[in-house]
Every structure is written in C-alpha cells, then in structure tokens.
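Chains as they are written, first to last, in our numbering: chain A, 1 to 575; chain B, 1 to 575.
Positions of the beta carbon are idealized from the N, C-alpha and C atoms, including for glycine.
Data first, discussion second: the structure below is written as structure tokens.
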C-alpha cells in the first residue's frame, strides 16, 4: 500500500486520507515538513492561529530495520521564533507512523470552542475523540492512561501542561520504548499542538509494514551502515557517557557558557560531567546505555535513578545538563535529574527553559545556583501557569524583554545552547544562520572544531567556519529527512563506507538510483525552501546575527569576542 | 547666545556643551531627535544597552511666545518597538530647555554600577548628582520633592517605578504648570531613561531667553496664528469637552474598539463620554478647560476632581479613557480617573497599559470590566514589579506572547489606539506605515474621515486613504519639529491663514525665508530618515501590516474587515 497524507481539520473536525502530491514524493522527515509548511502555511500568519498547520512526518527510512532510523519530524511556523520550524525526536512514533502508511499527518484549522480532543491513527483510519480526563495532566500520566485505553502496542505523542497553555517553549512529547519521554523540543511545537486543542495522538500500526523494493540490497547496506556507526569512537563514547561526555570537554575548551553566558568555564563541571553521571548511574543500578528507539545501535540515552535506586529520568542530555547546570551554576546532578523529569512531565524544552532561568537569575528573580527554587518554580509556577510560570515558559527572550535584561542569549528569539560562540566560532555561524533560530543540531560544527571529526579546525579562529557550518547544515537537512539520528554524522564524516551505505538503503527502500550529489542537492533545496519561508515571513539578513553582548563582552578564559562581520555571515547563503 | 548641544555620558559621568553641527541646525523637536538618533545610535543595538541614546529636544519655536509651542520631543531606539522613536508632550520642559539655550540634550552610555543619578541643566551648565531619596518613588513625589530642592522655577522630567524597572510601556513624565503630570507616553522612553539610571532631570532657565531675529514680524505672525487656532470649531470643542469629545463621535461611527477589539461600539459609551465628563468636572468644581503648557490657546486639558472635590487627575485624554473604558468594558469615569492618576504616578503609558489589560482580560487573567482589579494590579503588581506587573507593564504584545493570545492589537509591538482600522481605514494606514509602530498622532486621518477637517472621506472606504495618511504623516513630522501641539493641524488644514503664519514665525525666529514647500520637504525628509533607520534595524515592508485578526474578524456594527493588500500599503512609501 502506497504511503498517504493523513489530514485532520480541527475547524470542522473533518479528516481525509490523500494521495501524496508528486512534489512531495521524494521527501521525508524535515524535508517533507518544511515542504508542506512552505506550501500550505501563510508565512505571516499568527503561529497560534487557525492558519498555522502542524505537520508530523517520519523519515524516509523510518519504519524499516535500518539502524537509527526512528526519528520523527514535526514542523510548523514556530510561536517562539516566528520562523519555519522543524524539530525531531526519537521514541516510538516515527516507526509506527511509517508502518501506518502515513507519509505525513497534517493538522490544520482551529476549533472555536474550548473542547479538547485526541487523535488516533491506524492504517487507513483517523479518529477524533473528545478528551476530558487528561486535560491538565502531565505527560507521564497521559502515557500511562492512554496505553491502558488501547489493546495493542501503540506509540503516543502528547503535550503536557506547557503545551496546553501554549507556552512558546512547549514540547511535543514522545513515548520511548520503555514508556519514558523523548521530546520534540525546540521552537514551541507543543504550543501549536495545544492551539489545535489536541492533547495526544495515539498511533497503532496494527500489522502495517513498510515496503522495501529490494530486501537483499537493503539488508546488506544496513549491515555495512551499522558497522560504520558502531565502530566510530564518538559513537562508543556516546554509548558510555551519553552526550554528557561533552561537559568536561567543552569546559576544557573554555566554551561552556556559565552563569548566563558570562564565563566559559564552570567550577562545578566535574560534579555534573558524563564521567560522574556514569558512576552514579552504575552505582544506583540504572542503565548507562539505553536506546531511545528500537534499532538504535549507539544508545546514548540512559536510565538515571535516584538515591533509592528508583527511576528518575532518562535521556539526560548534555545540553539539558549544561543549561540547568553551568548556565544556572547548579552543580548537583540529582537536582538536575529532578528538573529534567519535571520538564519531561510538563512538556517543556529543557534548553529554552533553563536558559530562561539563567536570564531570570540575572534579573534577580531568583539566585544563581538556587536549584530548589528552580524546582519549585517548575512545579508551582510553570505547571500551574502563574504569571511567573508563563514568563519563563515562554522562553529566554520573553524573560529578557519582561525584565529588561540586555544579556539575553537568543537568536531569532530561541535560546542559544551549550557552546559559547565566542570560544567556538563555527557553531556561532550555525546559530546565526540556521533557518530555525539558535540550534546546535542544525549544523554541529563542534564535531570538527572540538571532536576532530571530519577534519580539525581551531575553535577560536574564524577561518573556514562559514564553509564548515554550511556543509554541515546542508548535510543535516538531508539526514533529518531520512529519519536517521544526527549522530550518524560522526561516522558519515569519518568513515567512507557510511554515507554510501545510507544511500544504498534509500535506493533499496524506494527502488531509486540516488547519488551522493542528489543527497547534497536535497539538503541544499531544503535549506532554501526554509530560508524562503522566513524571508516571506519578514526576516532579513539582520536577523542572522548574534546578540550585541557577544561582540562587546569578552568571555573568559580566552577573552574571545564574536567578531564576524555581517557581510561574512551573509556569505553563508552563497550557494 | 547660540543654541548648543548638551551631552551627558553616563559611562564615565562626563558632560560637554557643543556647537550644533551644520547638518542639525535647521532641525528641532522630532526632526532633531530623529536626525541625532539616526546619526549616533547603531540601528541594531539593544534599546536598553549602552549604545542607545536618549535625546531631548524642544521644538524650533519652543521658548518663544508662539501659541501652543510648548511640546518637548524625546527620541531613541524604542525598547517597545525596536524602531526609531519620537514621543512628545506638553508641560513646562520644552520652554525651559529652549531658554537654557539647549537645542538638544543627548544622554549616552551606561553606568556599570547600580547607582541612580539626577541631571540638572541651566544655561551653560550640566550637573550630575547621585540620587537616593527618590529611587522607587512615583512621579508626584518626585515633582514635589525636586521642586523644593531648587530655589527658582524649574521644569522637571522624571520617571516613575515603571521607568526604573525598564518596562517597555514606561513614560518620561513632565511636570505641567500646576505640578501635575504630562507624559512622553509611547514607546517606552522611560525605560531608556531608566536604563541610563537617571531618575529625574531638572531644568532651570535662570534668565535665559530665546533670541528672535525679527520681533515685530514674529508678534504679527503669532497674532494671526492664534486667531486661526482659536476660531476653529474643533479647537473650541476641545476646549469644552477635551479630547474626550470623541467618545460619542467614534462610537457613533462604529469605530470605538470595544472588549479588546471585538466590537466597534460600547454600550457604556455615554457614561465615559466627554459630555458626561464635562458635567462631572463642573459639578465637582474642577476645570473643564486647562492648558498643559503656558501659551496654549486651545486648552484641551482639564482638572478632574473626585467625589469630594479633591484633585484626582488632569489631562484625561480620549485615548486613555477609551483604552481603560471601552477596550476593557469599564463604564465608570471615576475608576478611569483613578487609574489615570496611578499611571501618571507610576509613569506608564495609558494606551499601552490599558490595551495590555484588555489582552490580559481576553487571556482570562482578570475579567472584562473589573476596574477594581485593574486598580489593584496597577498599585500592587505594576508599581511593585511583580511577575504579573512586569507582563502588563511591558505592553500588549508582551501580554499576548506570554499568554498565547492571538487577538493582540499591536503594530510593531505597539498597541493600536482608540480607532478601529476596519471601520476607519485611513487611520489603519497610519498604524501600518508609521515609522513608530501603531500611533494615531503620526497621521491623524480621523480629522478628515470623521471630523470633516481638511475635506471629507468615507471612513469605510479604502479610496484615497494612502494619500490621506501620507499627506498627514508628512505634515505631522514637520509640525512635530516646530514644538507645536498637533492640534494646530485642524486650523492648518481648514484655515488658509494658519500655515503661512506658522512659517512667518519660523522665519522671524531664525531670520530665514522658508516656504511651504520647504516645510513639506522637511516632513518628507524626517520620515525618510526614520524609515531608513528602521530598515537598517531589520524592519521590512512586512512589518507595515496590521495583525492577522483584522483581516479575518469582521467588526460590528459595520462588519467591516481590514482589506488593504500589502502592495497597496507599500505604495505609501512612493514619495
């Protein structure tokens, strides 16, 4: 059965299952969400109004046995940035959606009344139900409750209180294979789902399968691909320490933004490092190595237990730990794990929210390092939607505007993540030029500048950084279309068998003859589609800039400043 | 003595008194503030950072005996809109500053420590003092206290708590001749003064006088000018009912935005109208007719007393009454007067703040019509800087973002004032294209569309409205440079003796030979300077748009929508 477009209109509660337009056929994941948003969403519309659409799309290889192919993309116009937005996550949804035969789910329109709904999809069928029981509940309750309502093994996408309240930092949350939470985290996708009044989406693939044009070729390619992934040293480090392997590394590089981006090294880095975390996890009977989706061979996730050996959180990422840790000067991993758990439950972006806390600390709303107060605010203010909760839940830029703070680390109103662009300049180009606001995953220059993957580059030097970020951003747009986890990029950059194997899988899946050049062209075309949307939404090259303070405040220990000219940055788009 | 530029640098607390550069010589008021901002402020800087500058400039005729010439302009990059900003006000400061011989006061830089200061100016002298006593105090206390500190008759510019807390709706407040408060109200100028850590500026002209090149010609021109002003019927209505003469008129036209812009007529209009207000004022021994500055011959201000006959507020404007009244569905003038008094004291824009209340009501933060709660929030939340106070004090757009509201009446993040652009379309063009965000005073199309001044035009028709708004915006930019109150425009549009008399006064003051064409060219050049600043700050023609809901929600009773195309709006700039 050919894949279809599943469409839900919340204005009149109508649904349809449509053939895939020819223009969309070659797209999946981010390429598809961005193509559909560009085609169907008026660029100047209000992100929380009836004209915005929420698009969910599995990657081109999702639902197959391909290693690491379980990423789900969601796209819309972002209520945080006002740009086009794609965010992707592991968990179980991408594979289920693909096996339902759904190439993309488009949710459009807006109910006039104040009634909440849920959606459920199975092959060839969309059901809309009113929802009362779960309104106001956190994601863990939603997952537990919804799992019991369905007889089969389902995937669940949901929003917590943050999404219901349409906070601009709200996630769409995804159940992982163990019932824990992964997050489509950046740009407020959860607020858009909330604006459509959809509390959760249940995906039941029944006995649906993804068709493979050439099974033998697919199996052979997947074997080569898996070997490339598992043998790369960064993959191995990720499986041991998780992404938090980076805390000590980035601190050493002087690029660990500390105390709301006022320094590049954190005294408490050792206490929150991946090495420390690994020991704590092992000591308490957790799992240092855990996959966020079936088929992952890197397993950078983990199960973090509390002092009593009881589950606390999983998927405790470097960027989350940095944001709650160094940026807020909190050096206690248990407190950070508690906050991570709360943010999973409330359904709110750890990076955006913790950077927002850092700005609030600068404004004097709470003290730097006061993790008890952060936890209280998460529980009593953000989850409850008090005035302070709304201020923080709408992100770092909103906190900055509301308290008149000038050191506000955002690009296009999205919080800058865990790598200081003054000390690691290539990632700064990614922050500045990304079509989605500041986002390290859009072109992870850290790979080359810090980890020596795909070559080496002096992080403090501007040289070659435009080209580095451009190449990575193009490759990432293509990878984000396949359903592959971005962490395949380490092997793809260093191991010459990796990318051909990936292309072989795409060809075997669809019966195509794609070349490496086709994949690069795909990536370029996605970036251009996204950029064109942003220009039509009113963005200009002047939005491709870092905040003023990066140019005026040198960051210790290197005392480096951000010194790219506008002209240099703008040359990014010369392709 | 030739006029000078007075300059204060708050980074190193240095001062200087400089000759006027040739390029600035022909400018005053708004023309001068915008010229200086364009010359000295980096367009992409943070409005609350060290790179922004606050410019104060009296008009070209301020300090003379010319009727209605007491407006002071202040300019900067706005923390509310991010655009260039000029706001002007009556009160006593323009005349004092002109008589000091100060063509413009430029306040630049930013102190690193948390110390507050005051400035005092007299002819040839600038003094910077540390200020402790008045920090945290409202404007009325500031005025009372500062007046006692100086032996002579001084003018005072100050900020209340809103400006200290750098709220984006904060005013710079100006003492009027009776010690009451007038406001440089729109765009958050008070936040910029707060960011410079200046609590007040005292102006002592000593025996300073403005030089007049040809006294006889000046006197004759002023006489003709005064006659034109006082004989116009709109001037007379303004002197009787204040600007609040408009409540019933705009309600009748179906353009009185009601309940956060969801209707065009307000059931309680009669209770808050100028006619009702006039009777209340007379009954309680207030003054229905009062000048906000010496030399005003229109006297649209008034003294509004409370039930016991005690002073409550003055300068109770139509737009303030509309915003607190119809937009929040409050039909009690005493409550409105109480809020007006509180906002004067706190130093916060009545329009921005009350429209922000309307959006907060739509979000369910408080109920429509609950003026007791509005008063409580002003006193206990905004003045105290609580989380909710900060949300509202940063304006309507900030409330909308923080609560995820889609019906948010702002352009360039500045609240749309008291005339619905669906029902009165010419003023909508002014809102959309103004260089300063939504602002009726930038090109008051109401004059022609509703009051029949300068011709007539059907308010519901698009026809000729681009040209109408353009002509008015050009004329307004010129008028705002003279120090003249905008209300001279009614006479200027209808009485052919008015504008020549104004030009004669300019020529007599400076010994020039300006023509009407020169004045028009001045207005055009000011608009172009401001527009160029905004483009360099990252604004595009897509920012010259009204919010989406005006296009999709018809407004009763006419059920009109906003139906200008982008192309039509953009033709505004074809001059």
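*Show which residues of chain B have a CB atom less than 9 Å away from the CB atom of residue 165 of chain A.*
The answer, in chain order, is 403, 404.
*Do residue 174 of chain A and residue 72 of chain A have their C-beta atoms closer together than 9 Å?*
Yes, Cβ-Cβ distance for residue 174 of chain A and residue 72 of chain A is below 9 Å.
_Buried or exposed for residue 215 of chain B, going by 16 or more other Cβ atoms inside 10 Å?_
Under this definition residue 215 of chain B is an exposed residue.
_Closer than 9 Å to chain B by CB, residue 531 of chain A_ = No - not a single Cβ of chain B is within 9 Å of the one on residue 531 of chain A.
*Quick one: does residue 160 of chain B have its CB under 9 Å from some CB of chain A?*
No, because no Cβ of chain A sits closer than 9 Å to the Cβ of residue 160 of chain B.
*Start and end of the beta strand (DSSP E) containing residue 463 of chain B?*
Looking at the DSSP string, residue 463 of chain B is not in any beta strand (DSSP E), and its letter there is neither H nor E.
*asked:* DSSP has residue 73 of chain A in a bridge; who is on the other side?
replied: When beta bridges are read from the DSSP output, residue 73 of chain A appears opposite A/57, A/88.
*asked:* Taking its Cβ as the centre, do 16 or more other Cβ atoms sit within 10 Å of residue 529 of chain B, making it buried, or is it exposed?
replied: Taking all protein chains shown into account, residue 529 of chain B has 16 or more neighbouring C-beta atoms within 10 Å of its C-beta and is therefore buried.
_Checking the sheet assignment: what are the DSSP bridge partners for residue 313 of chain B?_
Here residue 313 of chain B is bridged, per DSSP, to B/304.
*For the 8 Å Cβ check, are there 3 or more pairs between the stretch 418-430 of chain A and the stretch 217-231 of chain A?*
Segments in contact, no.
*residue 567 of chain B touches chain A at which residues, Cβ-Cβ below 9 Å?*
What residue 567 of chain B touches in chain A, judged by beta-carbon distance under 9 Å, is nothing: the nearest beta carbon there is about 14 Å away.
_residue 388 of chain A: contacting residues in chain B (beta-carbon distance under 8 Å)_ = Correct list: 387.
*From A/312, A/119, A/316, pick the residue whose C-alpha is nearest to that of residue 291 of chain A; which is it?*
For the residues A/312, A/119, A/316, the minimum Cα distance to residue 291 of chain A belongs to A/316.
*Check residue 533 of chain B in the structure and name its three-state DSSP category.*
If DSSP states are grouped into helix, strand and coil, residue 533 of chain B belongs with the helices.
*What are the start and end residues of each continuous alpha helix (DSSP H) run of 4 or more residues lying completely inside the stretch 144-205 of chain A, in chain order?*
Complete alpha helix (DSSP H) runs here, min 4: 161-164, 189-195.
*residue 425 of chain A: beta carbon under 8 Å from a heavy atom of the ligand SAH?*
Among the components modelled here there is no ligand, and therefore nothing to report on the ligand SAH.
*Please go through the same chain and pick out, in chain order, the residues whose beta-carbon is closer than 8 Å to the beta-carbon of residue 532 of chain B, but skip the five residues on each side of it.*
The answer, listed in chain order, is 38.
*What are the start and end residues of each continuous alpha helix (DSSP H) run of 4 or more residues lying completely inside the stretch 242-302 of chain B, in chain order?*
Within the stretch 242-302 of chain B, the complete alpha helix (DSSP H) runs of at least 4 residues are 246-252, 274-283.
*asked:* Report the CB separation of residue 53 of chain A from residue 76 of chain A in whole angstroms; it is logged as a contact under 8 Å.
replied: Indeed they touch by this definition, with Cβ atoms about 6 Å apart.
*Taking residue 489 of chain B as part of the alpha helix (DSSP H), name the residues at either end of that continuous run.*
Here the alpha helix (DSSP H) through residue 489 of chain B covers 488-494.
*Closest to residue 558 of chain A by CA distance: which of A/571, A/460, A/321 is it?*
It is A/460 whose Cα lies nearest to the Cα of residue 558 of chain A.
_For residue 446 of chain A, tell me which candidate among A/481, A/430, A/332 has the shortest Cα-Cα distance._
The shortest CA-to-CA distance from residue 446 of chain A to any of A/481, A/430, A/332 is the one to A/430.
*Would you identify the three-state DSSP class for residue 227 of chain A, choosing helix, strand or coil?*
Here residue 227 of chain A sits in helix by DSSP.
*When you check each C-beta in the stretch 550-565 of chain A against every C-beta of chain B, which residues fall closer than 7 Å?*
Cβ contacts with chain B come from no residue of the stretch 550-565 of chain A.
_Buried or exposed by the 16-neighbour rule on C-beta atoms within 10 Å, applied to residue 2 of chain A_ = Exposed.
_Minimum Cβ-Cβ distance from residue 545 of chain A to chain B less than 9 Å_ = Nearest CB-CB separation between residue 545 of chain A and chain B: below the 9 Å threshold.
*Backbone CA spacing between residue 501 of chain B and residue 443 of chain B [nearest angstrom]*: Taking the straight line joining both Cα atoms gives about 22 Å.
*So which residues of chain A does residue 46 of chain B contact, with C-beta pairs closer than 7 Å?*
Within chain A, 406, 548 have C-beta atoms less than 7 Å from the C-beta of residue 46 of chain B, given in sequence order.
*Measuring CA to CA, which of A/359, A/138, A/482 is closest to residue 408 of chain A?*
Residue A/359 holds the alpha-carbon nearest to the alpha-carbon of residue 408 of chain A among A/359, A/138, A/482.
*Relative to chain A, which residues along the stretch 67-94 of chain B have a C-beta separation below 7 Å, given in chain order?*
For the stretch 67-94 of chain B, the set of residues with a beta-carbon nearer than 7 Å to any beta-carbon of chain A is empty.
*For residue 115 of chain B, count neighbouring C-beta atoms within 10 Å of its own C-beta (all shown protein chains included) and say buried if the count is 16 or more, exposed if not.*
A residue is called buried once 16 or more other Cβ atoms fall within 10 Å of its Cβ, and residue 115 of chain B, having fewer, is exposed.
*Consider the Cβ of residue 538 of chain B: report whether some Cβ of chain A lies at a distance smaller than 9 Å.*
At least one C-beta of chain A is nearer than 9 Å to the C-beta of residue 538 of chain B.
*asked:* Please report whether the beta-carbon of residue 542 of chain A lies at a distance below 9 Å from any beta-carbon of chain B.
replied: Under the Cβ criterion of 9 Å, residue 542 of chain A is counted among the residues facing chain B.
*In chain B, which residues lie less than 7 Å from residue 49 of chain A when you measure between Cβ atoms?*
Neighbourhood of residue 49 of chain A in chain B, by CB distance below 7 Å: 406, 548, in chain order.
*Can you give me the Cβ contacts of residue 505 of chain A inside the same chain, cut-off strictly under 8 Å, excluding the 5 residues immediately before and after it?*
Residues of the same chain with a CB within less than 8 Å of the CB of residue 505 of chain A, apart from the 5 flanking positions on each side, are 61, 64, 66, 218, 221, 222, 225 in chain order.
_For residue 120 of chain A: DSSP bridge partner residues_ = Looking at the DSSP assignment, residue 120 of chain A forms a beta bridge with A/127, A/202.
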